[in-house]
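To start, the structure itself, in structure tokens.
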Amino acid sequence: LPLVGDLVALPAGETAAYVSEAMVMLYGAEPGSHLALPLPDGRHTRVFVRGVWRDYARQHGAVVLAADDWQRLTGDTRINDAALWLQPGADAAAVQRDLRELAGQHGMNGELLEFASSGEIRALSLRIFDRSFAVTYWLQGVAIAIGLFGIAASFSAQVLARRKEFGLLAHLGLTRRQVLTVVSAEGAVWTAAGALLGLGLGIAVSVVLVKVVNPQSFHWTMELLLPWPRLAALCAAVIAAGTLTAGLAARRAAGRDMALAVKEDW
């Protein structure tokens, strides 16, 4: 089990139980406390909560007992789920085939057995998450596109409004290329500031979602892992795109000779 925290020592004569995080949040089943569990025959048994584990499948809570304890309490020896750890080099397909044959020898339909490796379960989980957050990725792309459009419009307007300033710089000896370099540098600085501010706000929202929303809404916790290389690459790409957009917008707006703009003041 993916345990959270340390296990509590089991007192003599007690039945150990392991509860999910939802059990702690909803029913107060803290480690070291006792919990009354209803049994299939209508009786209740008192178990000792020894530890807490993470369960992302059942948000209303789950309790795990050792198989021997469950069979002793209920007499139910049926098993509907099993986890197998294969030896290194073992053929998973051969093991599945042997288990199906073994089930057939005991009067069961081996074809009804379902198998899934840890890699398959992980891949399925990631596909579900990717499908759930597909809209988020599209919204991210739309937000970046809108931001770049805003940069283009802003710097085009700035260049048009500052034509006299740029014309004066041209009279002082700056070439058109150097003036456009200044505008591009300004675009890089402002885009970098926006990228850093957006990164900080995004991390803050992520912390709120992971540390506050998840426990309150779904009654489970998870570790916050930030993909720094991907975040750095995204920020660098946004800064590069913003700088290029500012430069192209300035070049388009400064298509006429900027030195002629100072004639209005003569």
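Counting from -8, one number per residue, gives the positions in the sequence shown under our numbering. Idealized CB from N, CA, C, for every residue including glycine.
Here the alpha carbon of Phe157 sits roughly 19 Å from the alpha carbon of Thr234. Contact annotation: Leu171 and Ala241 have beta-carbon atoms nearer than 8 Å. Short of 6 Å from the beta carbon of Met14, and not among the five residues preceding or following it, lie these beta carbons of its own chain, in chain order: Ala20, Gly52. Cβ-Cβ separation between Arg41 and Ala74: approximately 20 Å, too far for a contact (criterion under 8 Å). In this structure the region 221 to 237 lies against the region 129 to 145, because at least three pairs of beta carbons, one per stretch, are closer than 8 Å. In the structure shown, the three-state DSSP call for Gly141 is helix.
By the Cβ test, the region 202 to 221 is not in contact with the region 95 to 114, since fewer than three Cβ pairs between them sit closer than 8 Å.
For the set Asp72, Trp44, Phe106, the Cα lying nearest the Cα of Gly(-4) is the one of Trp44. Each residue's CA atom was taken as its position, placing Val(-1) and Leu26 some 15 Å apart.
For Gly164, no alpha helix (DSSP H) segment is defined, and its DSSP state is neither H nor E. Collapsing the DSSP output to three states places Ala7 in a strand. According to DSSP, Leu28 shares a beta bridge with Thr36. According to the DSSP assignment, Val54 belongs to the beta strand (DSSP E) that extends over 54 to 56. Looking from the CA of Asp89, the closest CA among Glu102, Pro79, Gly80 belongs to Glu102.
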